[in-house]
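**Student:** Counting from 46, one number per residue, gives the positions in the sequence shown under the numbering used here. Let me begin by handing over the structure; questions about it come next.
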Amino acid sequence: MKNIFKSLFVLLAVSALASSCDKWLNINDDPNTPTAASAKYYNRLPFCQFYLEHAWEIPGSNAAYYSQMLASRHNQTAGAMNWNMGAANRGNNAQQWFFVPCASNLQDMYDKAMEAGAYHYAGAAKFMRAFGFMEMVDLFGEIPYEEALGAAVAPKYNTGDEVFMGCINEIEEAIELFSKTQEAGAEPLATGDSWNGGDASKWLKMCYLMEARWLVKLSKKGEGNYKDGKYDSARILECLSKAQQSIADDTIIRHTNENTSTHDHEGWDEVVTYSGVHSCIGQNNYHYWVSKMLYDNLTNFAGNGVEDPRADKIIPWVRSVKSASTPAEVKWSADGKWRRSLPVDLTTSIIKDNGPRYDWGFSNGKWFISGSDCPPERKGDTLYVRGRVGYFANSADPLYRQASGNDASALSGAFHLRADSPSVMASYAEACLIKAEVLFNKGDKAGAYTAYKDGVKANIDFMNGYLDTWSGYATVAGCPSFEKMTDAEINNFVNVGLGTAGDITLAKIMTQKQIIYLLTLDSWNDMRRYDYNPEVFLGFAVPYNYLNTAAWQDYLPMGKQPRRWGQASYELNYNSANLAAIGEKVPGASSLPLTKEGDAWYSSKQISTLPVWWDYAN
46 MKNIFKSLFV
56 LLAVSALASS
66 CDKWLNINDD
76 PNTPTAASAK
86 YYNRLPFCQF
96 YLEHAWEIPG
106 SNAAYYSQML
116 ASRHNQTAGA
126 MNWNMGAANR
136 GNNAQQWFFV
146 PCASNLQDMY
156 DKAMEAGAYH
166 YAGAAKFMRA
176 FGFMEMVDLF
186 GEIPYEEALG
196 AAVAPKYNTG
206 DEVFMGCINE
216 IEEAIELFSK
226 TQEAGAEPLA
236 TGDSWNGGDA
246 SKWLKMCYLM
256 EARWLVKLSK
266 KGEGNYKDGK
276 YDSARILECL
286 SKAQQSIADD
296 TIIRHTNENT
306 STHDHEGWDE
316 VVTYSGVHSC
326 IGQNNYHYWV
336 SKMLYDNLTN
346 FAGNGVEDPR
356 ADKIIPWVRS
366 VKSASTPAEV
376 KWSADGKWRR
386 SLPVDLTTSI
396 IKDNGPRYDW
406 GFSNGKWFIS
416 GSDCPPERKG
426 DTLYVRGRVG
436 YFANSADPLY
446 RQASGNDASA
456 LSGAFHLRAD
466 SPSVMASYAE
476 ACLIKAEVLF
486 NKGDKAGAYT
496 AYKDGVKANI
506 DFMNGYLDTW
516 SGYATVAGCP
526 SFEKMTDAEI
536 NNFVNVGLGT
546 AGDITLAKIM
556 TQKQIIYLLT
566 LDSWNDMRRY
576 DYNPEVFLGF
586 AVPYNYLNTA
596 AWQDYLPMGK
606 QPRRWGQASY
616 ELNYNSANLA
626 AIGEKVPGAS
636 SLPLTKEGDA
646 WYSSKQISTL
656 PVWWDYAN
């Protein structure tokens with residue numbers, strides 16, 4: 046595979062250089078005859094960073110819907126939301142975006158960096174390799190690892206525990222490398238680093254957070270030494286003590302809303318400046334409505350009667366005019382010109398009844414459902430505001446306009462969805478909430494409460510600071526989606542809405558983790574670790590549409606939950622023999638029902654019910 050991937054790298058480099066002179070895609074000394082050998086280690090880094098970020102965000106923007114925090118009508122995201130495991134997912138994207146443009150470059154990057162004494166680049170290579178392969182384990186369970194990216198055209202598979210522990214070893218090697226001083230003459234990390242601007246201390250803290258994030262997934266394995274594949278609370282807390290200590294330590298990728306000439310030729314031929322979540326969700330019509338579960342947790346967390354100040358930033362708004370028939374529970378902006386969405390209740394038949402309708406129309410200052418086939422009960426679906434956002438190709442600001450050029454038809458979108466919304470790779474908020482979970486499960490409720498409160502406050506402060514990104518647009522004035530959160534709102538929620546040290550629960554901690562993990566793969570990881578327990582995730586319930594669609598239960602029988610994705614089509618088509626062979630080492634694989642005699646374990650309709658390695662107890 047290595048030679049194939051090297052060839053792909055050269056082709057990608059040629060196409061990138063032919064279309065742009067933007068600095069970080071100029072990866073070769075001679076743009077007329079680029080080769081893998083001539084690519085500098087420091088020029089490979091931002092190229093790999095871009096694709097690793099997207100390989101993370103693209104499946105996350107799909108898999109997060111299993112948690113019932115969001116609603117959708119799109120095939121892939123609605124498949125996840127409905128627990129229709131026969132629907133398409135983004136497995137091919139996840140594997141392709143990591144393996145081809147990112148992972149195929151990492152060994153050469155590592156080798157050249159080590160030769161030059163550029164230890165921080167070598168550390169980045171190890172970090173990205175561990176990060177990507179851990180994602181593959183989370184999604185697919187088993188994956189080629191030891192032979193991946195080598196000479197084998199059809200590399201052998203490794204078991205989930207082998208890959209998991211390999212990733213832990215690699216992240217610890219990255220920690221060692223980032224702890225070293227680079228040799229004289231080595232290229233400064235700042236030359237190629239598009240994430241942290243060359244700040245090796247941020248990389249080091251991110252490595253420690255990743256190790257903690259991954260080790261906490263072993264919560265079903267029993268307390269013990271992590272080197273033995275056990276849940277090691279002491280090691281997790283040690284890692285967290287060396288991870289982010291404030292939001293200043295966060296690794297945040299800042300995107301821009303610019304229509305540049307630099308396009309992603311390996312993926313979807315889109316410009317490289319905006320986030321993967323925007324690409325998958327924000328710029329499309331019907332990928333994002335807020336569910337009742339998320340809405341309730343934002344507007345009345347734990348029944349404390351205090352609205353989370355992040356609610357206005359996550360729940361979409363639309364320009365509107367109040368009428369006598371407007372439901373009383375609808376929230377309006379201070380000037381009465383913006384209306385906030387109501388939630389989609391996924392425990393009802395709304396999706397099965399062809400709602401919410403997304404075929405809105407706007408005329409004479411009024412919104413209406415425009416579909417000619419729309420039944421009367423769906424005419425009020427304009428109350429459900431979708432999260433579509435503006436796009437630089439037809440908009441000079443973050444707003445989307447249903448009627449082109451008409452500000453009265455504007456939708457706000459949501460904080461996570463805009464072209465220039467941030468991509469959070471590692472945050473102090475996450476570090477705090479992992480700590481809160483670990484301490485709570487150890488019986489230290491006082492320590493857990495402090496970490497829980499600090500984590501929520503950190504996420505609010507991060508979001509509040511980022512709202513300045515959109516403050517320069519006159520068209521968003523008065524829309525609460527873009528306004529800063531006030532100190533009074535923040536303090537009331539943190540000090541009252543979150544509860545007290547005396548009433549802290551695991552459910553509060555894990556539900557707040559779901560909010561900061563919104564649209565990420567870790568939202569699904571936590572759901573699996575705690576077996577979709579409604580006593581752990583406030584407001585969670587199995588979706589009505591799944592419960593009332595018999596065909597979907599062929600893939601996910603009643604009482605089961607989504608546990609993994611089936612393998613990407615590349616593996617099914619080109620590496621099926623090795624995939625079949627690993628089945629004898631996968632617990633539960635031999636018990637999967639097969640459609641016909643001779644089928645392999647991985648072709649079972651119920652493959653999604655099989656836990657990945659860290660998701661079963663042993």
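For every residue, glycine included, the Cβ atom is placed at its ideal position computed from N, Cα and C. Please read all numbers here as calculations on a predicted model, not as lab measurements.
(1) Identify every run of the beta strand (DSSP E) within the segment 308–343, keeping only runs that are complete inside it and at least 3 residues long; order them along the chain.
(2) Name the one or two DSSP bridge partners that Glu268 has.
(3) Below 8 Å on the Cβ atoms is my contact criterion, and I expect Gly211 with Leu97 to pass it. Report the Cβ-Cβ distance as a whole number of Å.
(4) When the Cβ atoms of the segment 346–358 are set against those of the segment 525–532, are three or more pairs found closer than 8 Å?
(5) Could you give the distance in angstroms between the alpha-carbon of Ala161 and the alpha-carbon of Glu311?
(6) Out of curiosity, what's the CA-to-CA distance linking Arg431 and Asp309?
(7) Please report the Cβ distance between Ala219 and Ala175, rounded to the nearest whole angstrom; I am assuming they are in contact, meaning their Cβ atoms lie under 8 Å.
(8) Report yes or no: do three or more beta-carbon pairs, one from the segment 636–654 and one from the segment 248–262, lie closer than 8 Å?
(9) Could you check which residue in Lys498, Tyr87 and Glu256 has the C-alpha nearest to that of Leu9?
(10) Using beta-carbon positions only, say whether Tyr111 and Trp569 come within less than 7 Å of one another.
(11) Whose C-alpha, out of Asp513, Ala109, Ala288 and Phe209, is nearest the C-alpha of Trp248?
(12) For my contact list, Trp664 and Thr204 are in at a C-beta cut-off of 8 Å; report their separation, rounded to the angstrom.
(13) Following the continuous alpha helix (DSSP H) through Val182, name the residue where it begins and the one where it ends.
(14) From what residue to what residue does the beta strand (DSSP E) around Phe460 run?
(15) Tell me the residue span of the beta strand (DSSP E) that contains Phe582.
(16) With distance defined between alpha-carbon atoms, name the residue in Gln606, Arg433 and Tyr155 nearest to Arg89.
(17) Given a threshold of 16 other Cβ atoms within 10 Å of its Cβ, counted over all protein chains shown, does Val322 qualify as buried or as exposed?
(18) So, for Lys171: in the same chain, excluding its five sequence neighbours on each side, which residues have a beta-carbon less than 6 Å away from its beta-carbon?
(19) Just tell me which of Asn620, Ser472, Val631 and Lys272 has its CA closest to the CA of Glu192.
(20) What did DSSP end up calling Trp240 once you bin it into helix, strand or coil?
(21) Could you please give the first and the last residue of the uninterrupted alpha helix (DSSP H) stretch that includes Gly416?
(22) To the nearest whole angstrom, what separates the beta carbons of Val351 and Pro388, a pair I think is in contact under 8 Å?
(23) Measure the alpha-carbon distance for Gly523 versus Val363 and round it to whole angstroms.
(24) Grouping DSSP H, G and I as helix and E and B as strand, with all else coil, what is Met470?
(25) In this structure, how does DSSP classify Val351 when only helix, strand and coil are distinguished?
(26) What are the start and end residues of each continuous alpha helix (DSSP H) run of 4 or more residues lying completely inside the segment 517–553, in chain order?
(27) Are the Cβ atoms of Ala496 and Ala474 separated by less than 7 Å?
(28) Using CA coordinates, which residue listed in Glu616, Pro607, Ser648 and Val631 is at the minimum distance from Asn129?
(29) Leaving out five residues before and five after Lys157 in sequence, what residues of the same chain have Cβ atoms less than 7 Å from its Cβ?
(30) Return the chain-ordered list of same chain residues with a C-beta closer than 8 Å to the C-beta of Gly628, the five sequence neighbours on each side being excluded.
(31) Along the beta strand (DSSP E) that carries Ser408, what are the first and last residues, could you check?
(32) What are the start and end residues of each continuous alpha helix (DSSP H) run of 4 or more residues lying completely inside the segment 600–663, in chain order?
(33) Assuming contact is defined by CB atoms lying nearer than 7 Å, are Gly435 and Leu444 in contact in what I supplied?
(34) Decide if Gln290 is buried, meaning its Cβ has at least 16 other Cβ atoms within 10 Å, or exposed.
(35) Taking Cβ to Cβ, would you say Ile281 is nearer than 7 Å to Val145?
(36) Tell me the rounded alpha-carbon separation between Ser408 and Ser466.
**Tutor:** Well, looking at it:
(1) Taken in chain order, the whole beta strand (DSSP E) runs of length 3 or more contained in the segment 308–343 number zero.
(2) Position 223 of the sequence shown, counted from the start, is the residue given in the question as residue 268. According to DSSP, Glu268 bridges with Tyr276.
(3) For this step, residue 211 is matched to residue 166 along the sequence shown. For this step, residue 97 is matched to residue 52 along the sequence shown. Contact doesn't hold; Cβ gap of about 17 Å is too wide.
(4) Between the segment 346–358 and the segment 525–532 there are three or more inter-stretch CB-CB distances shorter than 8 Å, so the stretches are counted as touching.
(5) Position 116 of the sequence shown holds residue 161. Position 266 of the sequence shown holds residue 311. Their Cα atoms are separated by approximately 29 Å.
(6) Counting from one through the sequence shown, the residue named residue 431 turns up at place 386. Counting from one through the sequence shown, the residue named residue 309 turns up at place 264. Looking at the two C-alpha atoms, the distance is approximately 27 Å.
(7) In the sequence shown, residue 219 corresponds to position 174, counting from 1. In the sequence shown, residue 175 corresponds to position 130, counting from 1. Between Ala175 and Ala219 the Cβ distance is about 7 Å, and since that is below 8 Å, they are a contact.
(8) Touching, no.
(9) Residue 9 lies beyond the stretch modelled for the chain, which goes from 46 to 663, so this question has no answer here.
(10) Here residue 111 corresponds to residue number 66 of the sequence shown, with the count starting at 1. Here residue 569 corresponds to residue number 524 of the sequence shown, with the count starting at 1. If you check the CB distance, Tyr111 and Trp569 come in under 7 Å.
(11) Along the sequence shown, read from residue 1 onward, the residue named residue 248 stands at position 203. Checked all of Asp513, Ala109, Ala288 and Phe209; the closest Cα to Trp248 is Ala288.
(12) Since the first and last residues shown for the chain are 46 and 663, residue 664 lies out of range.
(13) For the purposes of this step, residue 182 is taken as residue 137 along the sequence shown, with counting starting at 1. Its alpha helix (DSSP H) spans residues Tyr164 to Phe185.
(14) Residue 460 sits at position 415 when you count from the first residue of the sequence shown. Per DSSP, Phe460 belongs to no beta strand (DSSP E) and is neither H nor E.
(15) Against the sequence shown, residue 582 aligns to sequence position 537. According to the DSSP assignment, Phe582 belongs to no beta strand (DSSP E), since it is labelled neither H nor E.
(16) Sequence index remark: in the sequence shown, residue 89 carries index 44 (1-based). The shortest C-alpha to C-alpha distance from Arg89 to any of Gln606, Arg433 and Tyr155 is the one to Tyr155.
(17) Counting from 1 along the sequence shown, the entry for residue 322 is found at position 277. Around the beta carbon of Val322, 16 or more other beta carbons sit within 10 angstroms, so the residue counts as buried.
(18) In the sequence shown, residue 171 corresponds to position 126, counting from 1. The beta carbon of Lys171 sits closer than 6 Å to those of Glu215, Glu218 and Ala219, all from its chain and outside the five residues before and after it, given in chain order.
(19) Here residue 192 is taken as the residue at index 147 of the sequence shown, counted from 1. Nearest to Glu192 by alpha-carbon distance, out of Asn620, Ser472, Val631 and Lys272, is Asn620.
(20) Mapped onto the sequence shown, residue 240 falls at position 195. For Trp240, the secondary structure class from DSSP, reduced to helix, strand or coil, is coil.
(21) Position 371 of the sequence shown, counting from 1, holds the residue named residue 416. Membership of Gly416 in any alpha helix (DSSP H) is not indicated, and neither H nor E is assigned to it by DSSP.
(22) By one-based count along the sequence shown, residue 351 stands at place 306. By one-based count along the sequence shown, residue 388 stands at place 343. Rounded, the Cβ-Cβ distance is 18 Å, inconsistent with contact.
(23) Taking the first residue of the sequence shown as position 1, residue 523 is located at position 478. Taking the first residue of the sequence shown as position 1, residue 363 is located at position 318. A straight line joining the alpha-carbon of Gly523 with that of Val363 spans about 12 Å.
(24) Translated into the one-based positions of the sequence shown, residue 470 becomes position 425. In the structure shown, Met470 sits in a strand (DSSP, three-state: E or B).
(25) Your numbering for residue 351 matches position 306 in the sequence shown. Reduced to three states, the DSSP call for Val351 is coil.
(26) If one requires a minimum length of 4 residues, the alpha helix (DSSP H) runs lying completely within the segment 517–553 are 532–537, in chain order.
(27) To locate residue 496, count along the sequence shown from 1; it is residue 451. To locate residue 474, count along the sequence shown from 1; it is residue 429. One thing to note: Ala496 has its Cβ no nearer than 7 Å to the Cβ of Ala474.
(28) In the sequence shown, the residue the question calls residue 129 occupies position 84. It is Pro607.
(29) To locate residue 157, count along the sequence shown from 1; it is residue 112. These residues qualify, in order along the chain: Tyr86.
(30) If you number the sequence shown from 1, residue 628 lands on position 583. Taking C-beta separations shorter than 8 Å and ignoring five residues to either side along the sequence, the partners of Gly628 in its chain run Ala634, Ser635, Ala645, Trp646 and Tyr647, following chain order.
(31) The count along the sequence shown starts at 1 and reaches residue 408 at position 363. That run of the beta strand (DSSP E) goes Trp405 to Ser408.
(32) The qualifying runs are 614–619 and 621–627.
(33) Taking the sequence shown and counting its residues from 1, one reaches residue 435 at position 390. Taking the sequence shown and counting its residues from 1, one reaches residue 444 at position 399. Yes; because the gap between Cβ atoms is below 7 Å, this pair is in contact.
(34) Walking along the sequence shown from the start, residue 290 turns up at place 245. Exposed.
(35) Looking up residue 281 in the sequence shown gives position 236. Looking up residue 145 in the sequence shown gives position 100. For Ile281 and Val145, no; Cβs fall outside 7 Å.
(36) Taking the sequence shown and counting its residues from 1, the one referred to as residue 408 is at position 363. Taking the sequence shown and counting its residues from 1, the one referred to as residue 466 is at position 421. Spanning the two alpha carbons is a distance of roughly 30 Å.
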